[in-house]
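Participant: In my numbering, the protein residues as written are 56 to 314.
No residue lacks a Cβ here, since even glycine has one placed at the ideal position from N, Cα and C.
Remember, it's a predicted structure, so these values are computed and weren't measured experimentally.
Could you have a look at this structure, given as structure tokens, before my questions?
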């Protein structure tokens, strides 16, 4: 089973479209888990409406300590061996869930599948397509772009047995830190297909962090410093070479990593 987890609080403008997006996938063997943080804007009523029509829509509504806490609650509820997080204001491309379910039939556990993600600006303007084809720790740390987006990656729930749950004290970089931990443990495969749509608009948490307060860059730098302290000399060297744009030949890379 594939478990789709949506954390939400006061997301009424988006929740109906989010639920419908999963329904429109027309995929068997899924469940859509809504973790509501005590909404007061009518979100719960919409969820109840859909849960009454579709048995695979499961939900709870109770206070939580933030998005990471809600994500962990979703993992605890998940019945599926494969999980994905779909934020209430994002969506999947058509047919993605069936495609991913089929791919996982042939993968060892734990695996992490990563696809491409459309980045949309306010007004329906396509900013870019995030294609995170390089998924080693040094590649992710050195990248000047954002990490893979949750609506474009799927993984075995058992991966958390190796890397732990989401840090409930982390309210902004939980996805970035998850990817950094996951690629060191999981069987990682990049699939050059567009799977998700991420929407960046005034008022959303990512917009406020990246555009308004400019705090995202500071948080990312703090994580980079943290992880650099755990890397070997060879991996640190690779990081700096990649960070400053040097192209590293595969043979040289293998030689560096063998010592």
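#1: Decide if residue 239 is buried, meaning its Cβ has at least 16 other Cβ atoms within 10 Å, or exposed.
#2: Let's see if you can read the secondary structure: which residues bound the alpha helix (DSSP H) around residue 154?
#3: Below 8 Å on the Cβ atoms is my guess for residue 177 versus residue 257; work out the distance and round it to an integer in Å.
#4: Please report the residue range of the beta strand (DSSP E) in which residue 91 lies.
#5: Please state the DSSP three-state secondary structure of residue 216.
#6: What number of angstroms, rounded off, separates the C-alpha of residue 163 from the C-alpha of residue 96?
#7: Which residue or residues does DSSP assign as beta-bridge partners of residue 253?
#8: Per DSSP, what kind of secondary structure is residue 205 in: helix, strand or coil?
#9: Buried or exposed, going by whether 16 or more other CB atoms sit within 10 Å of the CB of residue 72?
#10: Can you tell which of 56, 192, 237 and 84 has the C-alpha that lies nearest to the C-alpha of residue 214?
#11: Check whether the stretch 183-198 touches the stretch 272-287, counting contact only when three or more Cβ pairs, one atom from each stretch, lie closer than 8 Å.
#12: Using the Cβ count rule (16 or more neighbours within 10 Å means buried), how would you classify residue 113?
#13: Can you list the beta strand (DSSP E) stretches of 3 or more residues lying completely in the stretch 119-152, in chain order?
#14: List the residues that DSSP assigns as beta-bridge partners of residue 183.
#15: I'd like to check one pair, residue 78 with residue 60: are the Cβ atoms closer than 8 Å?
#16: Return the residue from the list 286, 94 and 168 that minimises the CA-CA distance to residue 210.
#17: If you reduce the DSSP assignment to three classes, tell me which class residue 244 lands in.
#18: Have a look at 299, 288, 90 and 81 and flag the residue whose alpha-carbon is nearest the alpha-carbon of residue 66.
Facilitator: According to the structure shown:
#1: Taking the chain shown and counting its residues from 1, the one referred to as residue 239 is at position 184. By the 10 Å Cβ count, residue 239 comes out exposed.
#2: On the chain shown, residue 154 is found 99 positions in, with the first residue counted as 1. It spans 151-159 - the alpha helix (DSSP H) in which residue 154 sits, taken as one unbroken run.
#3: Taking the chain shown and counting its residues from 1, the one referred to as residue 177 is at position 122. Taking the chain shown and counting its residues from 1, the one referred to as residue 257 is at position 202. That belief holds up - the Cβ atoms of residue 177 and residue 257 are roughly 6 Å apart, short of 8 Å.
#4: The count along the chain shown starts at 1 and reaches residue 91 at position 36. First-last of the beta strand (DSSP E) with residue 91: 85-91.
#5: For the purposes of this step, residue 216 is identified with residue 161 of the chain shown, where counting begins at 1. It is helical.
#6: Reading the chain shown from its first residue, position 108 is the one you call residue 163. Reading the chain shown from its first residue, position 41 is the one you call residue 96. Between residue 163 and residue 96, the C-alpha separation is close to 42 Å.
#7: Numbered from its first residue, the chain shown carries residue 253 at position 198. DSSP lists 174 as partners of residue 253.
#8: The residue you call residue 205 lines up with position 150 of the chain shown. It is helical.
#9: Here residue 72 corresponds to residue number 17 of the chain shown, with the count starting at 1. Result: exposed.
#10: To locate residue 214, count along the chain shown from 1; it is residue 159. The shortest C-alpha separation from residue 214 is found at 237.
#11: yes
#12: Mapped onto the chain shown, residue 113 falls at position 58. With 16 or more other Cβ atoms within 10 Å, it is buried.
#13: 137-140
#14: As a position in the chain shown, residue 183 is number 128, starting the count at 1. Per DSSP, 174.
#15: Working through the chain shown from its first residue, we reach residue 60 at position 5. Working through the chain shown from its first residue, we reach residue 78 at position 23. Not a contact, by the Cβ cut-off of 8 Å.
#16: Here residue 210 refers to the residue found at position 155 of the chain shown. Checked all of 286, 94 and 168; the closest Cα to residue 210 is 168.
#17: On the chain shown, residue 244 is found 189 positions in, with the first residue counted as 1. Looking at residue 244 - three-state DSSP - the assignment turns out to be strand.
#18: Translated into the one-based positions of the chain shown, residue 66 becomes position 11. When only C-alpha atoms are compared, the closest one is 90.
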